[in-house]
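Quick note on the working numbering: the sequence shown kicks off at 29 and runs consecutively. Think of the CB as a built atom: it goes at the ideal place given N, C-alpha and C, for glycine as much as any other residue.
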Amino acid sequence: MTTTQATADASATKTAVKRTLVGRVVSNKMQKTVTVLIERRVEHPVYGKYIVRSTRCHAHAETPYNEGDLVEIQECRPMSRTKAWKVTRLVTPAAA
């Protein structure tokens with residue numbers, strides 16, 4: 029086996045590692061799309077107090093999810109101008 033074949037085989041079997049995040053569904057008013065709020069705690073650079081920062085992103089959802097559900101989302105190819113995540117599983121359903 030030559031070196032070019034070996035590198036071609038190695039690059040063909042390599043799969044991209046996709047980020048997964050856990051967030052709360054805040055809107056399900058679109059068809060097959062949910063808005064997920066991702067919260068993270070960061071330390072203030074000067075005062076040292078931990079503060080909550082949040083990010084909203086749109087995720088593709090084949091099955092319907094309710095507002096308040098805790099879901100896991102995974103990075104994927106861009107499906108539209110704003111949507112580049114997909115919902116992989118329901119972590120915790122919303123409290124009734």
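C-beta atoms of residue i and residue j nearer than 8 Å
i   : j    : result
E90 : V119 : no
Y93 : V53  : yes
R84 : L65  : yes
V70 : R81  : yes
6 Å CB neighbourhood of residue i in its chain, flanking five on each side removed
i    : result
G96  : A122
A112 : P106
G51  : V64, L65 and I66
Neighbourhood of residue i by C-beta, 8 Å cutoff - its chain only, sequence neighbours within 5 removed
i   : result
S55 : V62, T63 and E95
Outcome for residue i when other beta-carbon atoms lying within 10 angstroms are tallied against a minimum of 16
i   : result
G76 : exposed
A44 : exposed
H72 : exposed
Beta-carbon separation (whole angstroms), residue i vs residue j, contact threshold 8 Å
i   : j    : result
H88 : M107 : 5 Å
R47 : E103 : 5 Å
H86 : T110 : 5 Å
Entirely enclosed beta strand (DSSP E) segments - the stretch 42 to 70, minimum 3 residues: 48 to 58
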